[in-house]
Every structure is written in structure tokens, then in C-alpha cells.
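Position in the sequence shown (from 1) plus 33 gives the number in this note's numbering.
Note that beta-carbon positions come from the ideal geometry of N, C-alpha and C, so glycine has one too.
For reference, the structure discussed in these notes is given below.
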Amino acid sequence: MPLDTVLYTAHATATGGRDGRAVVPEGGLNLKLSMPKELGGKGGEGTNPEQLFAAGYSACFIGAIRFVGQRDRIAIPADVSISASVGVGLIPNGFGIEVELKVSLPGMAREQARRLIEKAHAVCPYSNATRNNIDVTLTLV
């Protein structure tokens with residue numbers, strides 16, 4: 034679905050693939066990349082695309098929670114956190130990913146927290162990009 038208005042555009046450059054570097058032109062991100070041993074790499078120091086996706090999705094989802102909280106006048110705990118797990122594996126035509134987001138909303142009533150998470154999942158750009166493409170599990174912890 035095309036965007037009505039582009040509010041922000043991020044830029045990054047990767048070189049060398051899974052054993053290279055990833056940088057953003059504004060600075061602040063200049064990462065050594067390394068392929069995990071489980072995927073045939075050497076492992077060691079460095080990060081990989083799945084870790085970057087996990088970090089981006091979890092941070093973006095917190096933003097969606099705060100957006101819904103502000104919109105719906107729901108107090109969001111200051112110490113909200115999300116631990117994301119991104120699995121990579123084989124699918125019939127190559128490789129695919131799956132995601133689990135473990136959402137912590139300390140002090141919030143469980144039913145209210147569940148409804149908030151569902152609403153955030155409806156507005157989060159990462160959720161919208163992955164919907165009906167990959168399995169995304171939302172777990173309230």
C-alpha cells in the first residue's frame with residue numbers, strides 16, 4: 034500500500050553482506066556484521082540482520098504503544114520494554130523469518146495491556162509490513 038505522506042526516510046548502506054559492515058550517513062551506526070555459526074558463519078563479534086530487525090521492531094513497537102496510549106488517553110508505564118526474537122529458517126522458495134515480541138507493561142492490568150498490544154500491532158509500521166507475510170507472536174509477560 035503506498036504511503037499518503039512520507040514523514041521520514043532512513044538511509045543505510047551495507048557492504049560485504051553478512052560478513053561486512055552496515056553504516057548510516059548521519060553517523061551513530063557503524064556496525065561490523067558477522068554471520069552466525071548456526072547459518073554457516075564464523076560467529077564471533079559483530080551483529081547480523083536478524084538482530085538489527087529484532088532491535089528495530091521492538092523499538093518501533095514501543096513507539097506504537099506510546100502512540101496508542103496518547104491517542105486513547107491510556108497511561109503507559111515508563112519502564113515498558115519489549116524483547117524480540119527473530120528466527121530465520123527455510124521456506125519452500127528460500128529463507129524466511131518469524132518474530133516473537135515479549136511485551137512487558139509493568140503495573141498495567143492484563144486485559145488493558147492485551148487490548149493496548151492489539152491496537153499497537155494494528156498501527157506499528159513493522160507489524161503492517163510483516164502482516165500476512167511472516168508469523169508474529171505477541172506475548173504479554
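- In the three-state DSSP reduction, residue 129 falls in the strand class (E or B).
- Comparing alpha carbon positions, the residue from 155, 73, 65 closest to residue 85 is 65.
- Check the Cα spacing between residue 61 and each of 142, 44, 97: the tightest is with 44.
- Excluding the 5 residues flanking it on each side, residue 116 has same chain C-beta neighbours closer than 6 Å at 135, in chain order.
- Closest in alpha carbon position to residue 35, among 161, 174, 171, is 161.
- Between residue 173 and residue 138, the C-beta gap is smaller than 9 Å, which places the two residues in contact.
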